[in-house]
Each structure stands twice: as structure tokens, then as C-alpha cells.
Amino acid sequence: MSIGSNKVKSLELFLCLHPFALRHVVFLLFLSSSLFLQLHKHGSSIMKSYQQAVEVSDTKIENRSTSA
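When we follow my numbering, the leftmost residue of the sequence shown carries the number 13, and every step to the right adds one.
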């Protein structure tokens, strides 16, 4: 047999021996996905504020070049 089938058999054995293991795996997956979504949301707000700051600095540079 291949290594993958041995891993599947060991996973099945683990789940049979630990009835709450599947709940822990699902909880950890949910926790990691919600954490990823929060980081993604926070990162997009950081990018928006960065873009606004770049636009403000661009307009200041344009105002300086037109007034000179």
C-alpha cells in the first residue's frame, strides 16, 4: 500500500479511539477560518486608508507643482 492509505487508516483509527476528535477538528477549522476572515477584513481597511493617504499626498504634490 502507499503512504497515503496508511495515513487514512491512522486517521480512521484516531477518530474511532477519540469520539470527540472530530468535534475538535471542526472547531479548529472554524476558528482558523474566522480568524482568516477577520485578518482579511482588517487588511482591506488598512489598504483603503493607505490608498487614501497616497491620494492626499498626490493632490498635495499637484497643488505644489501648479502653484510654483
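Note that CB positions come from ideal geometry on N, CA and C, so glycine has one too.
Just to check my reading of the structure: residue 26 and residue 33 have Cβ atoms closer than 8 angstroms, yes? What is that Cβ distance to the nearest angstrom? Separation of the CB atoms of residue 26 and residue 33 is rounded to 6 angstroms, and the pair is thereby assigned contact status at 8 angstroms.
Looking only at its own chain, which residues have a Cβ that is under 8 angstroms from the Cβ of residue 44, when we skip the five neighbours before and after it? Excluding positions up to five away in sequence, the list is empty.
According to DSSP, simplified to helix, strand and coil, what is residue 32? DSSP places residue 32 in coil when its eight states are reduced to three.
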